[in-house]
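First to last, the protein sequences are chains A and B. Note that the first sequence ends on residue 331 in the numbering used here; no numbers are left out. Note that the second sequence ends on residue 1294 in the numbering used here; no numbers are left out. We treat Cβ as the ideally placed atom computed from N, Cα and C, and that holds for glycine.
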Amino acid sequence: MELICPAGNYQSLIKAVDHGANAVYIGLKNETNARHFSGLNFSEKQISKAIDYAHQQGCKVYCAINTFPREQKWSRWTNAVDQAMGSGIDTLIVADIGVMDYIRSRSSDFPIHLSVQASSTNLESLNFYHQQFAIRRAVLPRVLSLAQVEKLAKNAPVEIEVFGFGSLCIMAEGRCYLSSYMTGESPNTQGVCSPAAYVEWEDKGAQLESRLNGLLIDRFRENENAGYPTLCKGRFEVHGQVEHALEEPTSLNTMDILPQLESAGVAAIKIEGRQRSPAYVTQVTRAWRQAIDSLSNKDADGKTRQIVTEDLADLAEGKQTTIGAYERSWQ
Amino acid sequence: MKISVASVPYFWSKEAYGAFYSALSQTPVDIVYLGETVCSKRRSMKFSDWIEIAEVLRDSGKQVVLSTLTLLEAESELKYLTKIARQKDFLIEANDMAAVQVASENGNSFVTGCAINVYNNQSFSRLSRLGMKRWCVPVELGQRDIIPMVSLADKLGVEVEYQVFGRMPLAYSARCFTARHHQLDKDNCQFKCLNDEQGILVKTQDGDSFAQINGIQTQSAKVSNLINRWSELKEAKIDIARIVPVSAEDTLQAVDVLSNSINKKTQSSSTYLAQDYEFCNGYWLQIEGMKFVS
Chain A
1 MELICPAGNY
11 QSLIKAVDHG
21 ANAVYIGLKN
31 ETNARHFSGL
41 NFSEKQISKA
51 IDYAHQQGCK
61 VYCAINTFPR
71 EQKWSRWTNA
81 VDQAMGSGID
91 TLIVADIGVM
101 DYIRSRSSDF
111 PIHLSVQASS
121 TNLESLNFYH
131 QQFAIRRAVL
141 PRVLSLAQVE
151 KLAKNAPVEI
161 EVFGFGSLCI
171 MAEGRCYLSS
181 YMTGESPNTQ
191 GVCSPAAYVE
201 WEDKGAQLES
211 RLNGLLIDRF
221 RENENAGYPT
231 LCKGRFEVHG
241 QVEHALEEPT
251 SLNTMDILPQ
261 LESAGVAAIK
271 IEGRQRSPAY
281 VTQVTRAWRQ
291 AIDSLSNKDA
301 DGKTRQIVTE
311 DLADLAEGKQ
321 TTIGAYERSW
331 Q
Chain B
1001 MKISVASVPY
1011 FWSKEAYGAF
1021 YSALSQTPVD
1031 IVYLGETVCS
1041 KRRSMKFSDW
1051 IEIAEVLRDS
1061 GKQVVLSTLT
1071 LLEAESELKY
1081 LTKIARQKDF
1091 LIEANDMAAV
1101 QVASENGNSF
1111 VTGCAINVYN
1121 NQSFSRLSRL
1131 GMKRWCVPVE
1141 LGQRDIIPMV
1151 SLADKLGVEV
1161 EYQVFGRMPL
1171 AYSARCFTAR
1181 HHQLDKDNCQ
1191 FKCLNDEQGI
1201 LVKTQDGDSF
1211 AQINGIQTQS
1221 AKVSNLINRW
1231 SELKEAKIDI
1241 ARIVPVSAED
1251 TLQAVDVLSN
1261 SINKKTQSSS
1271 TYLAQDYEFC
1281 NGYWLQIEGM
1291 KFVS
């Protein structure tokens, strides 16, 4: 089972490669990828340098071009594809069928991985992308139960990659427009969710308030951990009750079900977090490398995973983790 | 410009659906989408019940389209989808690539629902070759996004449909938010969504509206309303104005007001609805979807 790690910049890429990633994934410095944050991502020159370094260490480099181009900006995405393919990238991670169509007009066999943003959650959908675009692998959205992932891994015509650790998007990715409803910018079009430019913090003495484009997302007491106001993780009022109506500020961690994912034939585990620091990438990559390597040693396996899980606990959003939708009771 | 009514996004009883569609058959609506698009556990209507309603609507001169589920995970869901996507009596609305796959494999044409991301001409052409006959524009696209696509639609003979009324479908999750609110597991949801004719309002702690939870679907709390801008849509070469059901009574009212506006070629400033709704039209104007510009 491969370990796929995030690299939001060159330093993170070095750390991921050095600590045991089988592949790293990156994006270009524009809205063609779903982590279009300021200060992140790679220029053309940095990509070549990154690929050289990774390849020397036997690590692959994937490039995410996984947002949905609107017609008036179409050429920005084809330029991104041209640039990535020209730079020696190993694989493109893509969501839009127009972009896949364009890639196939250039090459009948360049490796395409279906991005989580394509929201492909079932066998017929995977058949579609396989037959139409000869995709090699699909990254599954974080909405399936373990049993459903196991079935897909067994029956799908392509390799299956799943998320193992990091921020938990609870919606079927690529089909969530909550961010553009509130701010005008969304993961699909601009590669951002709850963008920082719309965030305001207001200290009201006993309470700290977070807002997104003027709307109150959460209100924290002094002793509470005030997380980033991702709009689906705030506290809202439903029928007079204030609650985390959609989700708590929590991260995904599938360490507990890693052996099942491996037995199911899942080809790769993806670590979320291109927006995180090189130190974070180091720690998470090292932990997951150990956990995956220990799978072949039945005696040490459980203990290793327990130790690395404890090491990772502090890194989680809100310092809480969940297995998410893999476990039906979460749903 | 034609008028369509999308599938009811909420869970209603068989009697409620029956009464609604019986009333709808008497209105000037041109196209009616039928079926469950949100949750496969909602089973007040069997496939044969939908077909019965479909036939009545067709006999009263409406074009009927069978809608399909948006988030498909279980094998049983694919089986039901396959049954709809293979039949030859009615056009289908694909809300997931699984439906596109089954329909095109069986030589059937399809409508792409707004949960299928068709954002550019390259995607549009590809799907048109596979049998797309109508494009329901994804909710976050507006006037400027559509302009460079309508001439291709015209050339390929694909109709363009845009939502002009109703709450907008904004997200789908594995989690059932209605069950969560009632502190129930999805597997034991007790069909709580049957109690809410049009979902549950989620407000900020300041009292601003945010979302409407409807099972695994999250909708906009505000109701999109472009009824008084129908001529702008027509100028933008939108063929079909889509009404997404809210309460049964107000949906019928919206059909009536829109149809009157189009036929009398007048701009109606008010929609005279029974309930109070907050309106929005931002997406059409290329700004935040929740905004309303009068």
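> For I1092/B, which beta-bridge partners are listed by DSSP?
Replying inline: L1066/B, F1110/B
> Using the C-alpha atoms, what's the distance from V284/A back to M1/A?
Replying inline: 16 Å
> Assuming K1062/B and V1032/B make a contact with CB atoms under 8 Å, what is their CB distance in whole Å?
Replying inline: 5 Å
>> Please give the ranges of any alpha helix (DSSP H) in the segment 23-101 of chain A, keeping only runs that are unbroken, at least 4 residues long and fully inside the region.
In response: Look at the segment 23-101 of chain A and you find these whole runs of alpha helix (DSSP H), each 4 residues long or longer: 44-56, 74-87.
> Of all Cβ atoms in chain B, is any one closer than 8 Å to the Cβ of Y280/A?
Replying inline: no
> By the criterion of Cβ-Cβ separation under 8 Å, what are the contact partners of R1315/B in chain A?
Replying inline: For chain B, the structure presents residues 1001 to 1294; residue 1315/B sits outside this window and is missing.
> Which value, in whole angstroms, describes the spacing of the CA atoms of L1298/B and T32/A?
Replying inline: The structure shown does not extend to residue 1298/B, since chain B is modelled only from 1001 to 1294, so the question has no answer here.
> Is V162/A helix, strand or coil when you go by DSSP?
Replying inline: strand
> Name the chain A residues that come within less than 8 Å of E1119/B, Cβ to Cβ?
Replying inline: Just to set this straight, residue 1119/B is Tyr in the shown sequence, not Glu. Residues of chain A passing the Cβ test: F68, P69, R70, E71, D96, G98, N188, T189.
> Secondary structure at K1264/B, three-state DSSP: helix, strand or coil?
Replying inline: coil
> Quick one, are the C-beta atoms of T1008/B and P1169/B less than 8 Å apart?
Replying inline: Reading off the sequence shown, one finds Val at residue 1008/B, where the question assumed Thr. No.
>> Runs of 4 residues minimum, wholly inside the segment 1135-1186 of chain B: which ones carry the alpha helix (DSSP H) assignment?
In response: 1143-1156, 1177-1181
>> Considering only DSSP beta bridges, list what D203/A is partnered with.
In response: L208/A
> Whose CA, out of A21/A, P278/A, D109/A, lies closest to the CA of G8/A?
Replying inline: P278/A
>> Please report the straight-line C-alpha distance between Q190/A and E71/A, rounded to a whole angstrom.
In response: 14 Å
> Using the beta-carbon of each residue, which ones in chain A are nearer than 8 Å to G1289/B?
Replying inline: Y177, S180, Y181, M182, G184
> For F1047/B, does the count of other Cβ atoms within 10 angstroms reach 16, so buried, or fall short, so exposed?
Replying inline: exposed
> Taking A134/A as the reference, which of I323/A, N122/A, S108/A has the closest Cα?
Replying inline: S108/A
> If you measure from the beta carbon of E262/A to each beta carbon in chain B, is any gap under 8 Å?
Replying inline: no
> Among V99/A, T183/A, L140/A, S294/A, which has the Cα closest to the Cα of I1287/B?
Replying inline: Considering only alpha carbons, the answer is T183/A.
>> Which of the three DSSP states is assigned to I323/A in this structure?
In response: coil
> If I1116/B and A1236/B are in contact, beta carbons under 8 Å, what's the gap, nearest whole angstrom?
Replying inline: In fact, because the Cβ distance is near 20 Å, the residues do not count as touching under 8 Å.
> DSSP three-state call for V1118/B: helix, strand or coil?
Replying inline: coil
> For the alpha helix (DSSP H) that contains L146/A, what are its first and last residues?
Replying inline: 146-155
> Given a threshold of 16 other Cβ atoms within 10 Å of its Cβ, counted over all protein chains shown, does W201/A qualify as buried or as exposed?
Replying inline: exposed
> Can you list, in chain order, the residues of its chain whose CB lies under 6 Å from that of H244/A, leaving out five sequence neighbours each side?
Replying inline: R235
> In whole angstroms, what separates the C-alpha of A1241/B from that of R1229/B?
Replying inline: 11 Å
> In this structure, does DSSP put M1/A in helix, strand or coil?
Replying inline: coil
> How many Å lie between G214/A and L208/A at the Cα?
Replying inline: 14 Å
>> I'd like the list of long-range same chain contacts for A1074/B, defined as Cβ closer than 6 Å, with 5 residues on each side in sequence excluded.
In response: none
> Got a sec: which bits of the segment 1160-1189 of chain B sit with their beta carbon under 7 Å from any beta carbon on chain A, in order along the chain?
Replying inline: Residues L1170, A1171, Y1172, S1173, A1174, R1175, C1176, F1177, H1181, D1185, K1186, D1187.
> In angstroms, rounded to a whole number, what distance separates the CA positions of G1157/B and K1133/B?
Replying inline: 7 Å
> So what's M255/A in DSSP terms, helix, strand or just coil?
Replying inline: helix
>> Rounded to the nearest angstrom, what separates G27/A and K49/A at their Cα positions?
In response: 14 Å
> Does the beta carbon of K1062/B come closer than 8 Å to any beta carbon on chain A?
Replying inline: It does not: the Cβ of K1062/B has no partner Cβ on chain A nearer than 8 Å.
> Does DSSP put T1218/B in a helix, a strand or coil?
Replying inline: strand
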